[in-house]
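Undergrad: One structure follows; several queries about it will come next.
Residue numbers (the numbering used here), protein chains in the order written: chain A, 28 to 247; chain B, 13 to 280.
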């Protein structure tokens, strides 16, 4: 605001000089006076500028405190640990002085104050879960060893199953061969019996023949 | 080492004792067997009658002749031909009566008491059959026998009446045919076919005998007969025509099963 007024004064001075047309000395003096006056005014402006900046800084700070206060108040005391009393007092005072607070900073704070306990809760949950798991589950080495044992057992089981399967096939083959051998043996027995019967018949015939031939001796 | 007479006598006594017979009983059995032999064959020779005792000691025939049970008759060719007996024996009336007294009715046969009715041309032939029979009987090779006289009553038409029929301990019947003279043509055909029929089962009739032995003193006869009995060999059946001449009626073949049922024996 002050800066705008200084710029308007400088413009008016330049216009009057252009329109006046005074002599050089007087004009020179006037210019110097005016320069000094300008410098003075510039210093005033700088000071005012500083004051403005200070006020703006204070305003921002008050606004921030009011925002923090509002944010803490909006959480309803849920997260009091995140809202120190010192900050709340100053924020309350700023709010009473008329600083509204809010805006994106307000929501950011609210969100941050909500997220932090959420994160803490999650960390605590995962920590507890991890601890519980460590408590109830076997150690990794033991687990690995157990897995190895299981894998080895499974491999042995598969090997044993494969062997059993081969043994079953072999057994079935042997049983088939044994069955065939039994059939062959039975057939051989039948043949032997037949041959024995034939032999017996031949022996009987031979014996008869011998007896018949013996009778021929009666004529000798 | 030969046994002495005393030892033989002791053995015989022991044998009789084991059989539960007395010497007298054995003597009667021997006499009966000898007379029965003559009865069944119709006649016999003294040597064969002596053989029936089964003992080495001879004299039974002479004893029976002396007792009037047998009649001794000289043969026509006796002692001229080496293997013909000089005498034959037949039953006397007393001998026949003795036998008939001990026989069952169905065993009785007509017996020609006249010794001259014995066919002298068949003496050697019949005696060969008798000798072979008594030898086989004494050696236990046969259990019983049938003479031609016994078989003639039961002979069927067309079948062979053998010279003797032997029955061994297994019950097998073996016929013996003594062929001293050759047969040719129709007679040979009849001979072959009658034996084939006798060895065959015809309808319900069982074979009359199981084997047939052909005995001959001639190689040529045996050779020809063997050929005639070869399975597949042709045999003619003969009949008389209106002019009473023999003619071939049909031609047959010796069946396969005859092979092995014929036995051949060459004698000296």
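All C-beta atoms, glycine included, are put in the ideal place defined by N, C-alpha and C.
1) For residue 243 of chain A and chain B, any beta-carbon pair shorter than 8 Å?
2) Counting only beta-carbon separations shorter than 8 Å, does residue 207 of chain B have a partner in chain A?
3) Are there 16 or more other CB atoms within 10 angstroms of the CB of residue 9 of chain B, so buried, or fewer, so exposed?
4) Does any C-beta atom of chain A lie closer than 8 Å to the C-beta of residue 72 of chain B?
5) What is the DSSP secondary structure of residue 181 of chain B, reduced to helix, strand or coil?
6) Tell me which residues of the segment 132-144 of chain B have at least one Cβ-Cβ distance to chain A shorter than 8 Å, keeping chain order.
7) Assuming residue 137 of chain A and residue 98 of chain A are in contact, meaning their beta carbons sit under 8 Å apart, how far apart are those beta carbons, in whole angstroms?
8) So that I know if they touch, is there some Cβ in chain B lying closer than 8 Å to that of residue 240 of chain A?
9) Could you tell me the distance, in whole angstroms, from the CA atom of residue 296 of chain B to the CA atom of residue 136 of chain B?
10) Who does residue 276 of chain B pair with in a DSSP beta bridge?
11) If you measure beta-carbon to beta-carbon, which residues of the segment 224-235 of chain A are closer than 7 Å to chain B?
12) Is the separation between the beta-carbon of residue 163 of chain B and that of residue 149 of chain B shorter than 8 Å?
13) May I ask you to report which of helix, strand or coil DSSP gives residue 77 of chain A?
14) I'd like to confirm the pairing. Which residues does DSSP put opposite residue 103 of chain B in its beta bridges?
15) Which runs of the alpha helix (DSSP H) spanning at least 4 residues fall entirely within the segment 108-136 of chain A, listed in chain order?
16) Quick one: give me the first and last residue of the alpha helix (DSSP H) that residue 148 of chain B is part of.
17) On the DSSP bridge list, what partners appear for residue 156 of chain B?
18) Cα-Cα, which of B/41, B/207, B/237 and B/141 is closest to residue 247 of chain A?
19) Would you call the CB atoms of residue 233 of chain B and residue 191 of chain B closer than 8 Å?
20) Determine whether the beta carbon atoms of residue 95 of chain A and residue 130 of chain A lie at a separation below 8 Å.
21) Find the nearest neighbour of residue 40 of chain B within the set B/72, B/160 and B/202, judged by alpha-carbon distance.
22) Measure from the C-beta of residue 225 of chain B to each C-beta in chain A and report whether the shortest distance is under 8 Å.
23) Measure the C-alpha to C-alpha separation of residue 185 of chain B and residue 236 of chain A and round it to an integer number of angstroms.
24) Quick check: is the beta carbon of residue 250 of chain B nearer than 8 Å to any beta carbon in chain A?
25) Whole angstroms is fine: what's the gap from residue 205 of chain A's alpha carbon to residue 192 of chain A's?
26) Closer than 7 Å by C-beta to residue 133 of chain A: which residues in its own chain qualify, once you throw out the five before and the five after it? Chain order, please.
27) Please report the Cβ distance between residue 129 of chain B and residue 52 of chain B, rounded to the nearest whole angstrom; I am assuming they are in contact, meaning their Cβ atoms lie under 8 Å.
28) Against residue 178 of chain B, what residues of chain A qualify as contacts under a CB-to-CB distance less than 8 Å, listed in chain order?
TA: Short version:
1) By one-based count along the first chain, residue 243 of chain A stands at place 216. Chain B, which has a Cβ nearer than 8 Å to the Cβ of residue 243 of chain A, makes this yes.
2) Reading the second chain from its first residue, position 195 is the one you call residue 207 of chain B. It does not; no Cβ of chain A falls within 8 Å.
3) This structure cannot speak to residue 9 of chain B, because chain B is shown only from 13 to 280.
4) As a first step, residue 72 of chain B must be located in the second chain, where it is residue number 60. Residue 72 of chain B does not count as touching chain A.
5) Position 169 of the second chain holds residue 181 of chain B. If DSSP states are grouped into helix, strand and coil, residue 181 of chain B belongs with coil.
6) Taking 8 Å as the Cβ-Cβ cut-off, the segment 132-144 of chain B approaches chain A at 140, 143 and 144, given in chain order.
7) The residue given as residue 137 of chain A occupies position 110 in the first chain. The residue given as residue 98 of chain A occupies position 71 in the first chain. A Cβ-Cβ distance of about 5 Å is found for the pair residue 137 of chain A and residue 98 of chain A, placing them in contact under the 8 Å criterion.
8) Looking up residue 240 of chain A in the first chain gives position 213. Chain B contact via Cβ: present.
9) The question about residue 296 of chain B has no answer here: the residues shown for chain B are numbered 13 through 280.
10) Residue numbering aside, residue 276 of chain B sits at position 264 when the second chain is read from its first letter. Residue 276 of chain B is bridged to B/226.
11) Among the residues of the segment 224-235 of chain A, those with a Cβ less than 7 Å away from any Cβ of chain B are 235, in the order of the chain.
12) Start at 1 with the first residue of the second chain, and residue 163 of chain B comes out as number 151. Start at 1 with the first residue of the second chain, and residue 149 of chain B comes out as number 137. Pairing residue 163 of chain B with residue 149 of chain B gives a Cβ-Cβ distance that is not under 8 Å.
13) Within the first chain, numbered from 1, the residue matching residue 77 of chain A stands at position 50. The answer is helix: DSSP assigns residue 77 of chain A an H, G or I state.
14) Position 91 of the second chain holds residue 103 of chain B. Paired residue(s): B/82.
15) Annotation: the segment 108-136 of chain A contains the following complete segments of the alpha helix (DSSP H) (minimum length 4 residues), in chain order: 112-123.
16) Your numbering for residue 148 of chain B matches position 136 in the second chain. Counting along the chain, the unbroken alpha helix (DSSP H) around residue 148 of chain B starts and ends at 135-150.
17) Here residue 156 of chain B corresponds to residue number 144 of the second chain, with the count starting at 1. B/179, per the DSSP bridge assignment.
18) Walking along the first chain from the start, residue 247 of chain A turns up at place 220. For the residues B/41, B/207, B/237 and B/141, the minimum Cα distance to residue 247 of chain A belongs to B/141.
19) The residue labelled residue 233 of chain B in the question sits at position 221 within the second chain. The residue labelled residue 191 of chain B in the question sits at position 179 within the second chain. The Cβ atoms of residue 233 of chain B and residue 191 of chain B lie closer than 8 Å to each other.
20) Residue mapping note: residue 95 of chain A aligns to position 68 of the first chain, counting from 1. Residue mapping note: residue 130 of chain A aligns to position 103 of the first chain, counting from 1. It is not a contact, given that the beta carbons lie outside the stated cut-off.
21) One-based indexing of the second chain puts residue 40 of chain B at position 28. Residue 40 of chain B has its Cα closest to that of B/72, out of B/72, B/160 and B/202.
22) Counting from 1 along the second chain, the entry for residue 225 of chain B is found at position 213. At least one CB of chain A lies nearer than 8 Å to the CB of residue 225 of chain B.
23) Position 173 of the second chain, counting from 1, holds the residue named residue 185 of chain B. Position 209 of the first chain, counting from 1, holds the residue named residue 236 of chain A. For the pair residue 185 of chain B and residue 236 of chain A, the Cα-to-Cα distance works out to about 12 Å.
24) Here residue 250 of chain B corresponds to residue number 238 of the second chain, with the count starting at 1. Closer than 8 Å: no.
25) Sequence index remark: in the first chain, residue 205 of chain A carries index 178 (1-based). Sequence index remark: in the first chain, residue 192 of chain A carries index 165 (1-based). When the Cα atoms are used, residue 205 of chain A and residue 192 of chain A turn out to be separated by approximately 19 Å.
26) Counted from its first residue, the first chain places residue 133 of chain A at position 106. If we look at residue 133 of chain A and ignore the five residues flanking it on each side, its Cβ neighbours are 94, 97 and 98.
27) Residue mapping note: residue 129 of chain B aligns to position 117 of the second chain, counting from 1. Residue mapping note: residue 52 of chain B aligns to position 40 of the second chain, counting from 1. Rounded, the Cβ-Cβ distance is 16 Å, inconsistent with contact.
28) As a first step, residue 178 of chain B must be located in the second chain, where it is residue number 166. Listed by position along chain A, the residues whose Cβ is nearer than 8 Å to that of residue 178 of chain B are 242.
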